[in-house]
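Single-structure report; data block below.
Number of protein chains: 2
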Amino acid sequence: MESAFGIIAEPNRRAILSLLASSERTVRELEHQLRMTQPSVSKHLRVLRRAGFVEARVDAQRRVYRIKPEPLMEVDAWLEPFRRYWSAHVDALERHLDRMQQARPGKRAKR
Amino acid sequence: MESAFGIIAEPNRRAILSLLASSERTVRELEHQLRMTQPSVSKHLRVLRRAGFVEARVDAQRRVYRIKPEPLMEVDAWLEPFRRYWSAHVDALERHLDRMQQARPGKRAKR
DNA sequence: CACGTATATACCTACTGGGGTATATACAGC
DNA sequence: GCTGTATATACCCCAGTAGGTATATACGTG
């Protein structure tokens, strides 16, 4: 599957992306931090690279990978039509929490 | 694969969700508007239902499906750490989507 | 140049998951 | 009841893909 959605369906790939979100890293660093085998990391990185999620900078024998945001922006854009449900949901949750609070004054609502 | 990301990896499921985003629909309506076979629609709807993306209201023999936003909110939340990359690349997304669109027509050879 | 390190790739295997056809179930109207 | 409609499910088949092991490639250092 070549869509951005197919790419991030894989948990290990999401984990890689999440790590790279905070800072760029080498293959080795990813391998250790995610406790995956090196070929597995490389394979996932290749998929991510080809799909435009990451790019690599060469540093001697190392490849330092970093995020390229475009495909994730595409996912973000796809979510747009659904965002109108967010507010409704949040409102419903707030009303719910208000009722809870009124019914049991003194008890702290969670979340 | 049971994560929300795995669920929306499937293009037909995304199409179903996108249709439901504007309004609730019956299985038949989805079947026609997406030109899919009925069992296929039902199967995808079952996956979506079990993962909490949709719910069905019974109307005689019909089931009217509608969006439940929670799993998509989860996806939205996952994107949060990456949003700091957005601003720098706003117009890069346009170029990216143009390229995607160009790559569409015809089946491309694989690697 | 030999050796260790860092990364990529090839190859095989096993599993999953989607498509299709046929069938079951549920309901409505006559 | 019988018939048509609406939806779900069972079953089979096949392609894609992730994991693992072994190997290739590239680079740096002594």
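Protein sequences appear in the order of chains E and V.
The first sequence runs 818 to 928 under the working numbering.
The second sequence runs 818 to 928 under the working numbering.
Built from N, CA and C at the ideal position, the CB exists for glycine as well.
All of these numbers come straight from a predicted model, not from anything done at the bench.
Item                                                                                                : Value
Under 8 Å between C-beta atoms of V:Arg879 and V:Val871                                             : no
Inside the stretch 828-876 of chain E only - beta strand (DSSP E) runs reaching at least 3 residues : 871-876
Cβ distance (whole Å) where E:Val881 is taken to contact E:Val858 below 8 Å                         : Actually they do not touch by this definition, with Cβ atoms about 13 Å apart.
Cβ neighbour criterion (16 or more within 10 Å) applied to E:Ser887                                 : For clarity, residue 887 of chain E is Glu in the given sequence; the question names Ser instead. Looking at its Cβ environment, which holds 16 or more other Cβ atoms inside 10 Å, E:Glu887 is buried.
Alpha carbon of E:Leu851 to alpha carbon of V:Arg842, nearest angstrom                              : 42 Å
Cross-chain neighbours of V:Ser835 in chain E, by beta carbon under 9 Å                             : Trp895, Pro898 and Phe899
Near-chain V residues of the stretch 828-856 of chain E - C-beta to any C-beta below 8 Å            : Pro828, Arg831, Leu834, Ser835, Ala838 and Ser839
DSSP three-state assignment for V:Arg928, whether helix, strand or coil                             : Its pLDDT being 32, under 50, V:Arg928 is placed unreliably in this model, and the value from its coordinates should be taken loosely. V:Arg928: coil per DSSP, three-state reduction.
V:Ile884, enclosing beta strand (DSSP E) - first and last residue                                   : Arg879 to Ile884
Under 8 Å by beta carbon: chain V residues contacting E:Val892                                      : Val892 and Leu896
Environment of E:Met890 [buried if 16+ CB atoms lie within 10 Å]                                    : buried
DSSP three-state assignment for E:Ser820, whether helix, strand or coil                             : coil
Top-ranked residue by Cα proximity to V:Ser840, from E:Phe899, E:Trp895 and E:Leu865                : E:Phe899
Contact belief for E:Leu865 with E:Arg830 at Cβ below 8 Å, rounded distance in angstroms            : 6 Å
Alpha-carbon spacing of V:Gln855 relative to V:Leu836, whole angstroms                              : 16 Å
is_contact[V:Ala826, chain E] using C-beta, thresh 8 Å                                              : yes
Residue burial classification, V:His861 (beta-carbon count within 10 angstroms, cutoff 16)          : buried
Exposure of E:Ser820, with buried meaning 16 or more beta-carbon neighbours within 10 Å             : buried
Cβ of E:Tyr902 within 8 Å of any chain V Cβ                                                         : yes
Beta-carbon proximity check, V:Ala905 vs E:Gly823, cutoff 8 Å                                       : no
Chain V contact residues for E:Ser820, given Cβ-Cβ distances below 8 Å                              : Ala826 and Pro828
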